[in-house]
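I have placed the structure first, in the form of structure tokens, so that the comments after it can refer back to it.
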Amino acid sequence: MADVDLPAGYHRAPATVVVVGEAAAHLRAVLSAESGRPFFSVEDYTSMWGAPYMDRSRDLVLVRDGEGDLVAQTVVMNRDPFTDPGCFGAVSPEHAGRGLGSALVAWAEARSRERIPEAPAGALVEMNCFVDARHQPS
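No gaps in the numbering here: position 74 of the sequence shown is 82 in the numbering used here, and each next residue is one more.
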């Protein structure tokens with residue numbers, strides 16, 4: 009399983025169903041701060057966590073800081089036939105510029121590569137990362 013190499017002071021937290029509301033609120037807050045719109049409803053996010061293609065322990069990374077606050081997350085979605093993995097994520101603005109986004113994209117790429125053998129033989133596998141056009145890289 010792909011491991012995420014986070015900057016010092018941050019750790020991967022379990023993506024249990026208990027924290028789905030917290031993770032949805034975090035994602036909505038970050039997207040709203042960056043682009044003025046939350047994109048996902050809490051219901052959409054909760055539904056994604058329960059989708060048959062989603063293995064929260066392998067396809068989702070939640071990042072907490074030293075105080076235990078949720079500060080970043082990313083997910084790789086890869087539905088059958090496993091040829092078009094997509095990722096999206098969020099880093100709290102106050103934690104931007106510390107390498108979290110880069111670490112999460114590297115993890116998403118590694119996770120997507122792990123699933124290439126599940127694609128049909130000879131198929132082209134193309135990973136997409138979704139970023140709002142108004143996002144400003146740190």
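Every residue gets a Cβ at the ideal spot worked out from N, C-alpha and C, and that includes glycine.
Delimiting residues of the alpha helix (DSSP H) encompassing D67: First-last of the alpha helix (DSSP H) with D67: R64 to D67.
On the DSSP letters alone, give me the boundaries of the alpha helix (DSSP H) that L35 sits inside. L35 -> alpha helix (DSSP H) spans V28 to S43.
With distances taken from CA atoms, which of V50, L68 and A80 is nearest P15? When only C-alpha atoms are compared, the closest one is A80.
Helix, strand or coil at T91 according to DSSP, with G and I counted as helix: Reduced to three states, the DSSP call for T91 is coil.
Host beta strand (DSSP E) of M56 (start-end): It is not in any beta strand (DSSP E) - M56 instead sits in the alpha helix (DSSP H) that spans V50 to W57.
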